[in-house]
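Colleague:
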Amino acid sequence: MMEAIIDLLNAIVLLLNFVVIPALSYGSQLALGALGITMVYGILRFANFAHGDTMAFGTMITILVTWWLQSKGIGLGPLPTALLALPVGILFTILILLITDKLVYQHYRRQKTPPITLLIVSLGVMFMMNGIVRFVIGPNDQRFIDGERFIIHARSFKAMTGLDEGFSLKVSQGLTIVIAIIMVLALFWFLQKTRTGKSMRAYSDNEELALLSGVNPDRVVLITWIIVAILATVAGTLYGLDKSFKPFTYLQLLLPMFAAAIVGGVGNPVGAILGGYVIAFSEVVVTYAYKKVFVYLLPASLEPSSLMQLLSTDYKFAVSFIILVLVLLIKPTGLMKGKVI
Amino acid sequence: MSSVQKTWLAFSVIGLLLLSIGFGQSWSVALGIFNMCLISSIVALGINIQWGYAGIANVGIMGFAAVGGMTAVLVSEQPVTAAWEAGWGNLLLAVLFFSITVTLAILCYRRMAAGRHRTIALSATIIIGLFLTRYFLDPAVASIEAIEPAKTGFLGGFGLPILFSWIIGGIVAAGIAWVIGKIALGLRADYLTIATLGISEIIIALLKNEDWLTRGVKNVTGLPRPVPYEVNLQTSEWFIDLISGWHSGYLSTLSTLDRQGALKQFVIEGSSIFVKLCYTGLFATVLIFILILCMRALDSPWGRMMRAIRDNEVAASAMGKNITRRHLQIFIIGSAIVGIAGAMITTLDGQFTPTSYRPIRFTFLFLVMVIVGGSGNNLGAVVGGFIIWIFWIEAEPVGVWLMHFGTAWMDDSNALKIHLLDSAQHMRLFFMGLVLLLILRFSPGGILPEVIKKRS
């Protein structure tokens, strides 16, 4: 009996360690990214293909400042130095997004260009940002994490509990989850409680009515870009800390982020967060090899011979895509009702 | 300037650019660029059908090009008999169960009333079907990939001439476009775009991972060519005669001993150019054929209907046009052309490397070609294909040269200088975006805007 309980505990720890925690932190990163996409979608009314590269840009500035701080010997002790560099990254990202808006998007907004043309315009912005990022930091992998690596060590967890399976929580994962919660709470407070937030929601809901009520459109757009810059830089930096920074990966994040935004209901912030976790959990659940879990749960005679993996990890894009299509076919507005911010 | 003058001007500029590359760098390089320009123009024509005629933004070009490339492998490679013998039984069963699953799922979806029963039946069919498929597919894959994995490890192809793959590549791409279109068309325009992005990623993931079909990341190299090999040319009598005839004036001024060496050099250079010229002939034929078809299509009542749908869907729908059906049709035609071009690219490269399909190079660059060249104008798409490809290739040497020039005042060991020189190549992405934005802002129709013929 005791044996069975320990096996069960081992299996739970295994799932926690390799499925729940990674999916939670990846989902938080996706949710933050999807929030940025959904804000642009809801208020500026187009699918922003440059969002992945905006994230890469913000992260790049953060990395450069981190390196500079590291060379000066300034750090945060157990926490990664990147946190200290983050505000600078955000500042630069706000700057570049506002410049882009002034030079590029503003013209089309006044012309009332259809969203699909704006999408193509955002492709141009994507190219330029991608070029800048690759020019400054190069196309290769960059690691910039320092400080403690783990909050909970697998080895000390084993020693503490006496289980065969270790449970570890990386600093980057813990940080991601905590920061994502803080950011989301702050954003919701802003959108629900402040005057500016309310005017943004009104603008998203019905542009003409909001304008008639005296909402200043330029101010709404300005605040939107600032929020998008903050979300993008934080999401990008957290992703970079958790995995690693490579410009091409950020371009590839576009698909899961778009899927998260649409699955949740485009223009709906709650939906974007829900969508982020739905996509992340399905990706991890479908591509995890369950062999060891079954070894613990099943009697020895029934032990599986294969890896018990539904899909190889390279198919994770397929997962986000299939969920996207399914939701669009079954519930075209997304899980939460879209188009309301 | 009239549109005819503009067209002439655009093509003269392209000609001059290519000539200056020929004189400045080498004729072999110029011809190599010209060949890729031809293929790029074909892709651009395919995208122009989708974006220019109908306003469908497809960002899954990469997927269709890769499907074309895969067909080139499947058509031209010799079949691996041992692999077929090892895996055909299980593979056949897997295909059978997969088809049954798909058919049953479609039947479920169509015949049953919407509701919980249908959802349960549908999911049960799909889950059980996929499980059965995997049950047979996994051992088949294992046995196929076990056959000489270092040399083959896949099923091989049909051993047909590679030229067939251009047609078959188009057909396969069209089939995939049909499936995708059935699912995704009818979504909002921007959702469709995101869906195509996903599809292309899935296709690439499949090509990278299904080793039994494509050898995956182990690549397939040394595909048979539709044109002669340089080595064979260099030893064949008629080719040496041709080259010595071509250079006879210069050769006769040399002594016998020098003549041998000079002739050998000319033959080696000549063979490379001759092979490239053969490709040029093939590609140009396809381009001209497709271009004529496209121009006739755009001029026909069908073309007018497409533009009417693009410009005002509601009005066109009120006139009795079936929008979704037309969009499906155009999505298939455009994708088929991209598939043809994809097979041509792989033919030219002589190898199939799934990892080389990157969205920037294989999707977004082609979209830029159409928009810069002129969406809705077939000649514009061709011009865009040429100019953007030349720009893409030449931006690298020119960028590095400019960077050398700009940093000449710095010390050679200066870290900044080294970084700038190393990174100069990435600036072409920046300039590509800049060109796109400038065109979109100041000349939204592109270099050669769409021509609307007024008939009285």
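Keeping their order, the protein sequence lines are chains L and F. Here our numbering is used: the first residue of the first sequence is 1, the next is one more, and so on. Here our numbering is used: the first residue of the second sequence is 342, the next is one more, and so on. Here a beta-carbon is modelled for each residue, glycine too, at the ideal position from N, C-alpha and C.
Only counting the same chain, and skipping five residues up and downstream in sequence, which positions put a Cβ closer than 7 Å to that of residue 416 (chain F)?
Modeller: Contacts found: 498, 499, 501, 503, 505, 506, 509.
Colleague: In angstroms, rounded to a whole number, what distance separates the CA positions of residue 410 (chain F) and residue 671 (chain F)?
Modeller: Cα-Cα distance, rounded: 22 Å.
Colleague: Which word fits residue 225 (chain L), buried or exposed, when buried means at least 16 other C-beta atoms lie within 10 angstroms of its C-beta?
Modeller: With 16 or more other Cβ atoms within 10 Å, it is buried.
Colleague: When we look at the beta-carbon of residue 655 (chain F) and count the other beta-carbons within 10 Å, is it buried (16 or more) or exposed?
Modeller: With fewer than 16 Cβ atoms within 10 Å of its Cβ, residue 655 (chain F) is classed as exposed.
Colleague: Going by the beta-carbon positions, is the gap between residue 421 (chain F) and residue 495 (chain F) smaller than 9 Å?
Modeller: Contact flag set, yes.
Colleague: To which residues does DSSP link residue 345 (chain L) through a beta bridge?
Modeller: In the structure as shown, chain L begins at 1 and stops at 341. Residue 345 (chain L) is therefore absent and cannot be evaluated.
Colleague: Please return the same chain residues whose Cβ sits closer than 7 Å to the Cβ of residue 536 (chain F), not counting the five positions on each side in sequence.
Modeller: Cβ within range, chain order: 525, 528.
Colleague: Sort out for me which residues DSSP pairs residue 309 (chain L) with in a bridge.
Modeller: In the DSSP output, where bridge partners are listed per residue, residue 309 (chain L) has L:289.
Colleague: Please give the ranges of any beta strand (DSSP E) in the stretch 156 to 231 of chain L, keeping only runs that are unbroken, at least 3 residues long and fully inside the region.
Modeller: Whole beta strand (DSSP E) segments, 3+ residues: zero.
Colleague: Could you check the C-alpha separation between residue 276 (chain L) and residue 180 (chain L) for me, to the nearest Å?
Modeller: About 12 Å.
Colleague: Taking the alpha-carbon positions, what's the residue 459 (chain F) to residue 449 (chain F) distance?
Modeller: Approximately 7 Å between the Cα atoms of the pair.
Colleague: For the beta strand (DSSP E) that contains residue 607 (chain F), what are its first and last residues?
Modeller: That residue, residue 607 (chain F), is in no beta strand (DSSP E); its alpha helix (DSSP H) goes 597 to 640.
Colleague: At which residue ranges does the stretch 629 to 701 of chain F contain complete beta strand (DSSP E) runs of 3 or more residues, listed in the order of the chain?
Modeller: DSSP runs (the beta strand (DSSP E)) wholly in the stretch 629 to 701 of chain F: none.
Colleague: Quick check: the Cα distance between residue 627 (chain F) and residue 489 (chain F), rounded to an integer number of angstroms?
Modeller: The alpha-carbon atoms of residue 627 (chain F) and residue 489 (chain F) are separated by roughly 37 Å.
Colleague: Kindly list, in the order they appear in chain F, the residues whose Cβ is closer than 8 Å to that of residue 43 (chain L).
Modeller: Neighbours of residue 43 (chain L) on chain F: none; closest Cβ ~15 Å, over 8 Å.
Colleague: Taking residue 244 (chain L) as the reference, which of L:163, L:99, L:145 has the closest Cα?
Modeller: Checked all of L:163, L:99, L:145; the closest Cα to residue 244 (chain L) is L:145.
Colleague: Can you give the Cα-Cα distance for residue 395 (chain F) and residue 513 (chain F), rounded to whole angstroms?
Modeller: Roughly 22 Å separates the two Cα atoms.
Colleague: Please list the residues of the stretch 97 to 112 of chain L that have a C-beta atom closer than 8 Å to any C-beta atom in chain F, keeping them in chain order.
Modeller: Answer in chain order: 104, 107.
Colleague: Could you work out which residues of chain L lie near residue 773 (chain F), taking near to mean beta carbons separated by less than 7 Å?
Modeller: Neighbours of residue 773 (chain F) on chain L, chain order: 127.
Colleague: Is the beta carbon of residue 89 (chain L) less than 9 Å from the beta carbon of residue 58 (chain L)?
Modeller: For residue 89 (chain L) and residue 58 (chain L), yes; Cβs fall inside 9 Å.
Colleague: Tell me which same chain residues have a C-beta within less than 8 Å of the C-beta of residue 392 (chain F), skipping the five on either side of it?
Modeller: If we look at residue 392 (chain F) and ignore the five residues flanking it on each side, its Cβ neighbours are 398, 399, 708, 711, 712, 716.
Colleague: Kindly indicate which residue of L:168, L:75, L:124, L:24 has the alpha-carbon position closest to the one of residue 782 (chain F).
Modeller: Ranking L:168, L:75, L:124, L:24 by Cα distance to residue 782 (chain F) puts L:124 first.
Colleague: When the Cα atoms are used, what is the spatial distance from residue 321 (chain L) to residue 165 (chain L)?
Modeller: Computed Cα separation, rounded: 33 Å.
Colleague: Give the DSSP-derived three-state secondary structure of residue 340 (chain L) in the structure shown.
Modeller: Because the pLDDT of residue 340 (chain L) is 43, which lies under 50, any placement of that residue in the model is unreliable, and the number read from its coordinates should be weighed accordingly. Coil, per DSSP.
Colleague: Work out the CA separation of residue 311 (chain L) and residue 582 (chain F) for me, nearest whole Å.
Modeller: Near 59 Å, if we compare the C-alpha coordinates of residue 311 (chain L) and residue 582 (chain F).
Colleague: Keeping to the same chain, check which residues put their C-beta closer than 6 Å to that of residue 23 (chain L); ignore five residues upstream and five downstream.
Modeller: The residues are 280, 281, 284.
Colleague: Hey, how far is the Cα of residue 749 (chain F) from the Cα of residue 29 (chain L)?
Modeller: Their backbone Cα atoms lie some 44 Å apart in a straight line.
Colleague: Between residue 124 (chain L) and chain F, is any beta-carbon pair separated by less than 9 Å?
Modeller: Yes - at least one Cβ of chain F is within 9 Å of the one on residue 124 (chain L).
Colleague: Under a three-way DSSP split, which group does residue 20 (chain L) fall into?
Modeller: In this structure, residue 20 (chain L) counts as helix in the three-state DSSP scheme.
Colleague: With distance defined between alpha-carbon atoms, name the residue in L:219, L:182, L:309 nearest to residue 98 (chain L).
Modeller: The option with the nearest alpha carbon to residue 98 (chain L) is L:219.
Colleague: Please name the residue, chosen from L:187, L:8, L:176, that lies closest to residue 269 (chain L) on a Cα-to-Cα basis.
Modeller: Among L:187, L:8, L:176, the Cα nearest to that of residue 269 (chain L) belongs to L:187.
Colleague: From this set, L:230, L:326, L:315, L:325, which residue's C-alpha is nearest residue 34 (chain L)'s C-alpha?
Modeller: Residue L:230 is the option with its Cα nearest to residue 34 (chain L).
Colleague: When the distance is taken between beta carbons, is residue 301 (chain L) closer than 9 Å to residue 291 (chain L)?
Modeller: Against a cut-off of 9 Å, the Cβ pair of residue 301 (chain L) and residue 291 (chain L) comes out as no contact.
Colleague: Would the beta-carbon of residue 57 (chain L) be found less than 8 Å away from any heavy atom of the ligand PLP?
Modeller: Absence of the ligand PLP from the depicted structure is noted, as is the absence of any ligand whatsoever, leaving it without description.
Colleague: With a threshold of 8 Å on Cβ separation, who are the neighbours of residue 213 (chain L) within its own chain once the five nearest residues in sequence on each side are excluded?
Modeller: The answer, listed in chain order, is 202.
Colleague: Where residue 325 (chain L) and residue 440 (chain F) are concerned, what is the direct C-alpha to C-alpha distance, given to the nearest angstrom?
Modeller: So the alpha carbons of these two residues sit roughly 21 Å apart.
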